[in-house]
Structures are given as C-alpha cells and as structure tokens.
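Residue numbers (UniProt numbering): 1 to 227.
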C-alpha cells in the first residue's frame, strides 16, 4: 500500500467519524427539544397527578371561599367548579436532609398552622382561606406530631390549590415568592412534583397555568351568577 493510498484511507475514516459525531449531536438536540415540548404540553397533567392520599390531606374550595356577601350557593352545591393544583417541591441538596428541627424552624418562621390531618397550611391574607399546603415528601404526606422526634426527610411538597378565595395569579405570585424564601431558609432546591429542578422557565409555565385557570374560573363564575 502506497503512502498516498494510506492518506486517502485516513481522510475517508476522518470524514466518516465527523459525520457520525455530527449525526449524534443532531439526535441529542432533537431529543432535548422533544423532551422540552412534552414537558410544556404535559404541565397540566403534572399538576393533577398528585397521589390521592396526598390530595385528601389538602383542602378543596376552602371554607368561606365564596364569602358571606355573595349571593351564590355554597361550595358543596358547586361540584363543577374549575380546580387546579400547582405543586412545588423543596428538596434537600444531594447528600443532605431536612431534620425535624429544620421543619420546626420553617413552621415558626412562616407562621404555618398545623391541620388536624397532620400537614401544615399557610393561611391566605384574608385570614380565613388556605393559600397553600405543606406536606411531607413521603406518603401519605403527614408530619410527626412531635417534630423533634421526626425522622430526617429529603424534602417537602408545597401545593397551591385553586380556587382559594383570591385571584389565581396573585396567589401564585405569593406562593412562588414564599416557596423561594422557604427554599433559601432550608438551603434546599426548588423542584417539580417529580423532584426535577425548576428554573425560571418552569415557574413562568406555572404562572401561565394560573392565568389560564383564572380565565376559566371567571367564565364559570359569570355563567353561574347568570342563572
């Protein structure tokens, strides 16, 4: 084999390797875009995917939601009202955990109230309705009665349930801000329900979901009040 033929073969092999690398990069980019699209289109499904045992620990159409001055039926008489769940998890950093003392400090700092069901609740600004619920990341979502004796956990789950007696977007903005403050206090990471890290884009998708919900709820309420 001559030196010229050897050079040609080496060049052919180099071209083939370059094509393989380029094809691999294109496939990776395509898969990344596909995952992002699926995540965007499935966000509403993610909101409604909470385990039933956890959902039962939170409230639906909280007491007093409609107020005493509104001439519409009680929540029990309005079973078809739009509903939406926006869950945010706060996960401990890798290799770390949240102790009972950490949770106790969180409860005191943010004035959380313990519900009879064993979860904690952040009361809305009206002092009557629930802004969001705080659950143990482990099913069934409840916390030990004595937090000092609680086993260390990897995270907590915050659930904003709509409607909650206030504008959905305003509620979400407050929920998002408090979630970030809680994560900072715990030195944890904001994640979605499946424990995947959340960034600004994910939080904007949640805000869009709150906007969409408010539109649906306003339409539903207007229709109901005309009856």
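Glycine included, C-beta positions come from ideal geometry on N, C-alpha and C.
Predicted model only: the values in this text are computed from it and were never measured.
Distance, residue j Cα to residue i Cα
| i | j | result |
| --- | --- | --- |
| residue 162 | residue 15 | 57 angstroms |
| residue 220 | residue 84 | 14 angstroms |
| residue 188 | residue 158 | 13 angstroms |
| residue 207 | residue 146 | 35 angstroms |
| residue 224 | residue 115 | 31 angstroms |
| residue 58 | residue 119 | Because residue 58 carries a pLDDT of 45, less than 50, the predicted location of this residue cannot be relied on, and the following value inherits that uncertainty. Cα-Cα distance, rounded: 8 angstroms. |
| residue 8 | residue 192 | 53 angstroms |
| residue 216 | residue 82 | 7 angstroms |
| residue 92 | residue 20 | 40 angstroms |
| residue 128 | residue 172 | 17 angstroms |
| residue 209 | residue 29 | 27 angstroms |
| residue 133 | residue 27 | 41 angstroms |
| residue 194 | residue 4 | 58 angstroms |
| residue 167 | residue 130 | 13 angstroms |
| residue 104 | residue 144 | 11 angstroms |
Same chain only: Cβ atoms within 7 angstroms of residue i, ignoring 5 sequence neighbours per side
| i | result |
| --- | --- |
| residue 102 | 186 |
| residue 182 | 90, 106, 110 |
| residue 94 | none |
| residue 97 | 152, 153, 154 |
Residue i - partner residues in DSSP beta bridges
| i | result |
| --- | --- |
| residue 190 | 90 |
| residue 121 | 113, 133 |
| residue 197 | 191 |
| residue 159 | 87, 133 |
| residue 153 | 98 |
Same chain only: Cβ atoms within 8 angstroms of residue i, ignoring 5 sequence neighbours per side
| i | result |
| --- | --- |
| residue 149 | 100 |
| residue 142 | 57, 117, 118, 119, 135, 136 |
Pick from the options that is closest to residue i, judged by C-alpha positions
| i | options | result |
| --- | --- | --- |
| residue 170 | 142, 135, 214 | 214 |
| residue 204 | 5, 23, 86, 18 | 86 |
| residue 174 | 123, 197, 212 | 123 |
| residue 180 | 164, 168, 166, 197 | 197 |
heavy atom of the ligand MG below 7 angstroms from residue i C-beta
| i | result |
| --- | --- |
| residue 22 | For the ligand MG, the structure offers nothing, since it holds no ligand at all. |
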